[in-house]
Amino acid sequence: MSSHFLKHQKLQEQTTRILFKCVMASNAEERKKIKNCDPSSLRNVYKELFKRLAGPLYLPVLILVSLFLILNSKENINYNKNKIFVYLLGIIIIIISESSLGYINNNNTRNILLVTLPLLLATIFYFIFQFKLRLKQYSNKI
Numbered sequence: 000m001s002s003h004f005l006k007h008q009k010l011q012e013q014t015t016r017i018l019f020k021c022v023m024a025s026n027a028e029e030r031k032k033i034k035n036c037d038p039s040s041l042r043n044v045y046k047e048l049f050k051r052l053a054g055p056l057y058l059p060v061l062i063l064v065s066l067f068l069i070l071n072s073k074e075n076i077n078y079n080k081n082k083i084f085v086y087l088l089g090i091i092i093i094i095i096s097e098s099s100l101g102y103i104n105n106n107n108t109r110n111i112l113l114v115t116l117p118l119l120l121a122t123i124f125y126f127i128f129q130f131k132l133r134l135k136q137y138s139n140k141i
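The sequence shown begins at 0 in numbering that gives the first Met the number 0 and counts up by one.
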């Protein structure tokens, strides 16, 4: 028994290596050899690569934001304000991570900026956390 339908591999089903080859292909001859790699679908290839490679980079950012909760004890007067602040900051980071996918296009400089955004945020939050932690340790010694 043979099947009467054509199996067409979706863009999401392609390996990351094939998607990189599609992005790096410089001429039309090379792109014809790769499935789903025509110039009209190049933006979708960039989006798929962003989802696979840059999307998971937002998880450490969310983890670092949640670490701000351990800086204050429950007995602190500002604990509830801190809890609400951390919650809202986490929601904002989730919104940024999901909405940045819409800004992906064929402009490589913008795409690089969008990929480095979670790395930059993680670095900033890490240094803020370290600063506040050292400040708290210093104030406890006094």
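Virtual Cβ for every residue (Gly too), placed ideally from N, Cα, C.
Nothing here was measured: the structure is a model prediction, and the numbers come from that model.
DSSP places Thr14 in the coil class of the three-state scheme, outside both helix and strand. No residue range can be given for Leu66, since it is assigned to no alpha helix (DSSP H) and is classified by DSSP as neither H nor E. If you draw a 10 Å sphere on the C-beta of Leu134, you find fewer than 16 other C-beta atoms in it, and that means exposed. Following the DSSP letters along the chain, one finds Ser138 inside the alpha helix (DSSP H) bounded by residues Asn107 to Lys140. One thing to note: Leu118 has its Cβ within 9 Å of the Cβ of Leu56. Contact check for Leu113 and Phe49: beta-carbon distance about 7 Å, within the 8 Å limit, so the pair qualifies.
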